[in-house]
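Chains as they are written, first to last, in this note's numbering: chain A, 1250 to 1505; chain B, 199 to 505; chain C, 26 to 497.
The structure under discussion appears below in the form of structure tokens.
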Amino acid sequence: MSNCAPTTCETCPSPHAELRRLGSKSDRWDHTVALAGNPNVGKSTVFNLLTGLRQHTGNWPGKTVSRAEGAFDLDSRRYKIVDLPGTYSLLGTTPDEEVAREFLLFGKPDVTLVVADATCLERNFILLLQILQITPRVVLCINLLDEARAHGIDIDTRGLSRELGIPVVGTAARRGEGLAELLSAVRDVATGAFVCARQAPEFVPAALRDAVGKLSQKLGATYPSMENPSWIALRLLEGDPRIVAALKNGEFSSAT
Amino acid sequence: MPYRIGESNAVDVLQVQAGDALKHLHESEYSKTSATTASVAGALCISLQRAGEIVGELARAGLADSHGPSIQLTGAGREEARHLLRAHRLYETYLANETGVATEDWHRRADLVEHTLTRQEVDALSNRLGRPPYDPHGDPIPTRDGSLPPQRGRPLLEMPEGSSAEVVHLEDEPASVYRQAADAGILPGARMQILRRGADFLRVAVEDRECELPLVVAGAIQVEPCETPPAVKPLSSLSRGEFGRIASLSATLVGGERRRMLDLGLVPGTKIERDFDSMFSSPTAYRVRGAVIALRREQAERIFLEA
Amino acid sequence: MSPTEEILLDAESARWELGPRFQDEVAARVSEEASHLASRHMHRKGDGSRLRWQRGLDRVLTSRITGIPAMASIFAIVLWLTIEGSNVPSAMLAELLVDTLHPWLKAHALALGMWAWLAGLLIDGMYLSGAWVVSVMLPPMAIFFPLFTLLEDFGYLPRVAFNLDRLFQKAGAHGKQALTMTMGLGCNAAGVVATRIIDSPRERLIAILTNNFSLCNGRWPTQILMATVFLGAVAPPALAGVVAAGSVFCVAVLGFLFAFGSSWLLSRTVLKGESSTFSLELPPYRPPNLLRTLHTSLVDRTIIVLWRAVVFAVPAGAVIWLSANVSVSGHSVAWWAIGALDPLAWVMGLTGVILFAYVIAIPANEIVVPTILMLTVLVSGTPVADAPGVGVMFEADDSTLHTMLVSAGWTTLTAVCLMLFSLLHNPCSTTLYTIQKETGNWRWTALSAALPLALGFLVCTAVAFVWRHFAG
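Right, dumping it as structure tokens:
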């Protein structure tokens, strides 16, 4: 699916009749899409491609600092898309990581679009796996396929999709390649046409399984709508100020 | 930063000394040794007579009891001591996580502040830090209701020659002893092998080097036996174009710095190649997990490879 | 007890089972799984010639022998293109906005029956200062920022940070500060925003507080003018150009030295307690997309920075005009202020006019020179053929200028001290505003103004003292 013909550039009218780029006009929307990924993987380029905005993209980790928002219409549904700052992880304490973690946990995105650098998948998957612990509704976009091809790297997106249980799309966002597949994957997950089958991966050390299990059971019982009780339990054991505050403020119980 | 303000508050000397005496009594109880007026005087660096007065005051306040020469905490005394310990360790965690105050200054600053924080302030600080379980030295922080896990480990000096041990606790007082141990890379989490015991020193192998610890320093270290750590060499010893496999991160990499290394995928088992140096020879670019990461020399010296 | 509090307490009592190294274990498991995933679904074929080519380029650009010449020539070319390339469009803009449009506006406003004072305030004051800022700032920024962005998109800038990190580390700073300082040569406000790439709080603050020591392009005109009119004039005619260019270059280098010195000082004093980490990833080189780069760097950087500068310069124009035209006890406000500042200015080797110009031209360094000229005419009453009127900023040719300034009491010392003070004074209000926004802290903002100001006072005073001691 990655080698279909490149067709669009962001300055040309889109060939996908159903896509309407709406720039930053996002006053009301049907679905929220979070855009996450390592620094410098072309996240902003994907964002620009989807929204028609021209956020500056540089070959330099840490360009996008605060989060940017944009919107697009697809099949008469409106999507708000939030470009999170690029981070290596969701567990650190830098402002960037806090912004990203905050939105993924409490912004309740309908779809999280994780952008990965095709030339550096091994590192990029660390963040992907961390995000899959928080939410199953993920679309993996393997970007910079053109660079990867130049490096002689071949990626089996179907195999990845089967193993991860989520849609995996290869793109070269700078050339507009793969946009159609990306859009349909986002739409399918947002509308529930594709149900992500990924079991939340468990990275709990053996010695802690009991404690985490008990705690997450309690969490699940108290907050039935909580998606990721075992991840929250782990964070509580480790000591995460934001999670403690969220429990105290009842942010999990008010969730729908 | 509201918690810094406390430091400048004038603190009653008597109150501080009484508090320090309580902490000493607690430490003795926790490590199952007995406390006496003499040990109080020694721990606080005050005269025997002054120590006697303080113990008397504690007893009058219902915080301590003496049975013959040995002094014990009462329930109320234990509660007060753990409050002080909680305040102290939380404040050290705050300094470590949210400021760049030098490691050797944490203890001194926390000592000044612990007496000025009310229980509500300590609870607020705990919530703000996410109710952390351990302080930056790896010591458990008492919970709000004063619970503490049983003391782990045993004195390093009890370990036989040739055995291996992991550091679980390091006394942070006196500061000079703490610094000597820390400079040798001996912090909680570090693994060492005990090589030889001399008349006034202990020779140990820590990570990629050997050092001789004065007995007073070795006496401040609590350990747990572990498997013999594999031989390692620092990442900085790789030559250009050479590969290695990460064995461990030094115990001196703590807080945000350690977190960032882990997030970049610099975890045990990872293959890493020294790619090229910058024009002043530090930092150096390493190729790891398909990315090129620049590390300063001081960082590369604290990442260890399988030898 | 609420169920939430119960859960929190449960978590607290269960947590002792976690070792202090628990994070390491989780991270190791996640990384291992990531490696497996990648190795199962990613295959490398081909000879990796692209990788070899990139590595070769890295060796050249970061080696001790070739790295420095490469870096120096790349930045020299960028600066040369900026300075040379902006001369012509700057002159054209000035011709259009200042020489043509300004008299036309003024004449028509008066012809339409606008009150003279209102026309003066709006057109001589506000319009003209805005026009100055646009004509001086727009061309160099429209050249500098896209060039800088091209280097950025290609992936060269992280290599510069990599190369110079050792030097910055010695000053307690981060290698990426090299980039924010270079950016500061274009505009300090842009340089301050660019410090976002530094993710360690302490190093970022250092970079913010010292960015002002990069001589921004609003200050280049002051430097070039003083160097040409006074320093070049002292040298033999054949060397005049070299001496002038050399002295401006020296001031810029002096700025970098001050940046290093104050970084060192800050990291060991007020910023000692801020936390610090180092990390730097070197991304692969990627071919930049020329058109998009031009577009985004114009929109992102040039227009935004220019807009902020204009917004601050326009009210300043009004203040300048008013200070020259509102009289108190028979003299203009400016006259009184200049008189009051004269003694302090003498100590610093400057004149009251210069100090007052710096006070009212806080909004933008670009308008300092025209303001000084306007005030000089106002105070000394020197008749100058093309001086357009009281409270109106203008420029004149070099020899007229020399005569006029010398008759107003300027010496070579004044010129040297002005060059130093132009380097070492508070950031313009646009930059101060940006610093406040980026740090969210008035204390740091105040420090960023006080530090260079104090240095400027000390350095100018010392130079004036030594100069007078030996000269007279």
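Quick reminder that beta carbons are idealized off the backbone N, C-alpha and C, glycines included.
All values derive from a computational prediction rather than experimental measurement.
Under three-state DSSP, which class holds residue i?
i: Cys212 (chain C); result: coil
i: Gln349 (chain B); result: coil
i: Pro427 (chain B); result: coil
i: Thr482 (chain B); result: strand
i: His199 (chain C); result: coil
i: Cys241 (chain C); result: coil
i: Pro226 (chain C); result: helix
i: Leu430 (chain C); result: helix
i: Lys1467 (chain A); result: helix
i: Lys1497 (chain A); result: helix
i: Arg329 (chain B); result: coil
i: Ala410 (chain C); result: For Ala410 (chain C), the predicted structure reports a pLDDT of 48, less than 50, and the residue's modelled location is therefore unreliable. The matter cannot be settled from this model.
i: Met251 (chain C); result: helix
i: Ser1474 (chain A); result: coil
i: Gly442 (chain B); result: strand
i: Val1444 (chain A); result: coil
Compute the Euclidean distance between the alpha carbons of residue i and residue j, then round it to the nearest angstrom.
i: Pro395 (chain C); j: Val161 (chain C); result: 11 Å
i: His544 (chain C); j: Arg1327 (chain A); result: Coverage of chain C is limited to positions 26 through 497, which leaves residue 544 (chain C) absent and any answer about it impossible.
i: Thr272 (chain B); j: Gly254 (chain B); result: 14 Å
i: Ala258 (chain C); j: Leu478 (chain C); result: 29 Å
i: Gly488 (chain B); j: Cys1369 (chain A); result: 5 Å
i: Leu315 (chain B); j: Glu1500 (chain A); result: 29 Å
i: Gly298 (chain B); j: Gly200 (chain C); result: 19 Å
i: Ile1330 (chain A); j: Asp1324 (chain A); result: 16 Å
i: Arg458 (chain B); j: Ile1375 (chain A); result: 13 Å
i: Phe482 (chain C); j: Ala141 (chain C); result: 40 Å
i: Glu1347 (chain A); j: Leu1483 (chain A); result: 17 Å
i: Trp41 (chain C); j: Ala1422 (chain A); result: 47 Å
Within the continuous alpha helix (DSSP H) that includes residue i, where are the two ends?
i: Arg75 (chain C); result: Ser74 to Thr87
i: Arg457 (chain B); result: Gly453 to Asp461
i: Ala363 (chain B); result: Unbroken run through Ala363 (chain B) is the beta strand (DSSP E), Ser362 to Leu368; no alpha helix (DSSP H).
i: Cys442 (chain C); result: Thr437 to Leu448
i: Val484 (chain C); result: Trp467 to Ala496
i: Val336 (chain C); result: Ile329 to Asn350
i: Asn1297 (chain A); result: Lys1292 to Thr1300
i: Glu1371 (chain A); result: Leu1370 to Ile1383
Looking only at its own chain, which residues have a Cβ that is under 8 Å from the Cβ of residue i, when we skip the five neighbours before and after it?
i: Thr247 (chain C); result: Asn390, Val393, Val394, Leu443, Met444 and Ser447
i: Leu1486 (chain A); result: Leu1457, Ala1460, Val1461 and Leu1464
i: Arg1277 (chain A); result: Arg1327
i: Ala487 (chain C); result: none
Hey, could you find the ends of the beta strand (DSSP E) residue i is sitting in?
i: Ile385 (chain C); result: Careful: Ile385 (chain C) lies outside any beta strand (DSSP E), inside the alpha helix (DSSP H) at Gly377 to Ile385.
i: Tyr1337 (chain A); result: Here Tyr1337 (chain A) belongs to no beta strand (DSSP E), and DSSP marks it neither H nor E.
i: Cys275 (chain C); result: Looking at the DSSP string, Cys275 (chain C) is not in any beta strand (DSSP E); the run it does join, the alpha helix (DSSP H), is Ala265 to Arg293.
i: Glu471 (chain B); result: Lys469 to Asp475
i: Leu1268 (chain A); result: Leu1268 to Arg1270
Starting from the C-beta of residue i, find all residues in its chain whose C-beta is less than 6 Å away, skip the five residues before and the five after it, and write them out in chain order.
i: Gly442 (chain B); result: Leu436, Ile470 and Leu503
i: His286 (chain B); result: Ala308 and Glu312
i: Leu400 (chain B); result: Leu411 and Ala416
i: Val123 (chain C); result: Ala156
Any chance the CB of residue i is under 6 Å from a heavy atom of the ligand PLP?
i: Asp473 (chain B); result: Looking at this structure, you won't find the ligand PLP or any other ligand, since it has none at all.
Taking 7 Å as the CB-CB cut-off, is residue i touching chain F?
i: Ile329 (chain C); result: Note that chain F does not occur in the displayed structure, where the protein chains are A, B and C.
Below 7 Å CB to CB, which residues in the same chain sit around residue i once its five sequence neighbours on both sides are set aside?
i: Asp473 (chain B); result: Ala483, Tyr484, Arg485 and Val490
i: Pro330 (chain B); result: Thr291 and Ile339
i: Leu1496 (chain A); result: none
i: Met397 (chain C); result: According to the sequence displayed, residue 397 (chain C) carries Ile and not Met. Excluding positions up to five away in sequence, the list reads Val378, Ile379 and Ala382.
i: Leu476 (chain C); result: Leu234 and Ser287
i: Leu163 (chain C); result: Leu118 and Leu331
So, does the region 144–160 of chain C touch the region 268–287 of chain C, judging by three or more C-beta pairs under 8 Å? Contact between the region 144–160 of chain C and the region 268–287 of chain C is absent, because fewer than three Cβ pairs lie under 8 Å.
Would you check if there are 3 or more beta carbon pairs closer than 8 Å linking the region 383–401 of chain B to the region 351–366 of chain B? These segments touch.
Below 8 Å, how does it come out for the region 344–351 of chain B and the region 372–386 of chain B: are there three or more Cβ pairs, yes or no? Between the region 344–351 of chain B and the region 372–386 of chain B, the count of Cβ pairs shorter than 8 Å is below three; the stretches do not touch.
If contact is defined by three or more beta carbon pairs under 8 Å, each pair taking one atom from either stretch, is the region 173–183 of chain C in contact with the region 129–137 of chain C? No, they do not touch.
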